[in-house]
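Input: a single structure, listed below in structure tokens.
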Amino acid sequence: MNKALLSKWRWRWLVNRDRPWCRLLETRFRCGIPSRRFPIGSIQLSSVWHGILEATEGFMNAVRWSVGDGRETSFWHDTWLGDSPLKDRFGDIYQQSCSKRGIVQSFWCAQPGEGHWNVRTRGRLDEETAILLSYMLRELSEVKLAAGVRDSVVWRPQPQNSFSVRSCYDWWRRHLPRFGDTTDKMKEIWCTKAPLKGLWEAGLGNNINEVVQDE
Numbered sequence: 127m128n129k130a131l132l133s134k135w136r137w138r139w140l141v142n143r144d145r146p147w148c149r150l151l152e153t154r155f156r157c158g159i160p161s162r163r164f165p166i167g168s169i170q171l172s173s174v175w176h177g178i179l180e181a182t183e184g185f186m187n188a189v190r191w192s193v194g195d196g197r198e199t200s201f202w203h204d205t206w207l208g209d210s211p212l213k214d215r216f217g218d219i220y221q222q223s224c225s226k227r228g229i230v231q232s233f234w235c236a237q238p239g240e241g242h243w244n245v246r247t248r249g250r251l252d253e254e255t256a257i258l259l260s261y262m263l264r265e266l267s268e269v270k271l272a273a274g275v276r277d278s279v280v281w282r283p284q285p286q287n288s289f290s291v292r293s294c295y296d297w298w299r300r301h302l303p304r305f306g307d308t309t310d311k312m313k314e315i316w317c318t319k320a321p322l323k324g325l326w327e328a329g330l331g332n333n334i335n336e337v338v339q340d341e
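Residues in the sequence shown are numbered from 127 upward in steps of one, following our numbering.
Here it is in structure tokens:
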């Protein structure tokens, strides 16, 4: 449950990007586009935020971006086309991209009536990578940017009802195998009739029988 509660702060940061406290965090920790991840190793990072980020590593995998004008979404690093970031789906193209940190809008060439996508790469592509690029451009052709419409964030586990601590808790249970095991273990411990000291020691991983005998 702790991960779910801490994840709520990550979500609030994403959906309140214009709030003064969000701007302060982004300015201080330089954590804007492309990945919207704070630099955990930064010496400027407070212990509180360090703990939140460390405890919720992987949270962005549960977030999807609905693109409007493409100004707030990372082309390669955010999930906005398909079920995972483009850098993971088209890794060979990403490695040769001229703009690994660009936003979606920077890959869109607006023209009167209709625009098109332009993914610039370094050097000449081999045949296999060129075919892969054609597949990616085919997917991109289904998306048209809308000027003046702001990008929005979607909570993937519950897209119709937005974020909730409960849905986040369920998501962590599914994606962290040991998360559920720990919860079940704690239920088993606290439902026993052992002395409180024994329960505490068991929670720390010590042998409860030895503790009871010492008493």
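The beta-carbon is built from N, C-alpha and C at its ideal position, and this holds for glycine as well. Owing to the predicted nature of the structure, the values given are computational and were not obtained by experimental measurement.
Nearest-angstrom Cα distance between residue i and residue j?
| i | j | result |
| --- | --- | --- |
| T199 | I229 | 6 Å |
| K129 | G241 | 42 Å |
| A328 | S290 | In this prediction, A328 scores a pLDDT of 45, lower than 50, which makes its location untrustworthy; no coordinate-derived value is stated. |
| S225 | A181 | 31 Å |
| V275 | V141 | 15 Å |
| K213 | V189 | 16 Å |
| D252 | D296 | 43 Å |
| S223 | A272 | 24 Å |
| T247 | C294 | 38 Å |
| W139 | Q286 | 20 Å |
| V338 | L179 | Only weak support exists for where V338 lies, its pLDDT of 44 falling under 50; the coordinates are left without a value. |
| P146 | D204 | 23 Å |
| G249 | I257 | 15 Å |
| H301 | E265 | 28 Å |
By alpha-carbon positions, which one of the options ends up nearest to residue i?
| i | options | result |
| --- | --- | --- |
| E254 | F201, P211, D218 | D218 |
| E134 | W281, V245, Q221, P211 | The residue you asked about is not Glu; residue 134 is Lys in the sequence shown. Minimum Cα distance to K134 is reached at W281. |
| V269 | R143, G208, I257 | G208 |
| S267 | S288, P146, V245, W298 | V245 |
| P283 | W147, N187, L179 | N187 |
| S260 | F216, P146, P211 | F216 |
Run through the DSSP bridge pairs and tell me what residue i is partnered with.
| i | result |
| --- | --- |
| V280 | R190 |
| S200 | I229 |
| T247 | S223 |
| H242 | C235 |
Below 8 Å on the Cβ atoms is my contact criterion, and I expect residue i with residue j to pass it. Report the Cβ-Cβ distance as a whole number of Å.
| i | j | result |
| --- | --- | --- |
| W243 | L263 | 6 Å |
| R197 | Q237 | Contact doesn't hold; Cβ gap of about 18 Å is too wide. |
If we call anything under 9 Å between Cβ atoms a contact, is residue i one with residue j?
| i | j | result |
| --- | --- | --- |
| G194 | S278 | yes |
| W191 | W206 | yes |
| R143 | R149 | yes |
| L132 | G177 | yes |
Less than 8 Å between the CB of residue i and some heavy atom of the ligand FAD, yes or no?
| i | result |
| --- | --- |
| D218 | Only the bare structure without any ligand can be found here, which leaves the ligand FAD out of the picture. |
Is residue i close to chain B, meaning its C-beta is less than 9 Å from at least one C-beta of that chain?
| i | result |
| --- | --- |
| T255 | Checking the listed chains, one finds no chain B in this structure; it contains a single protein chain. |
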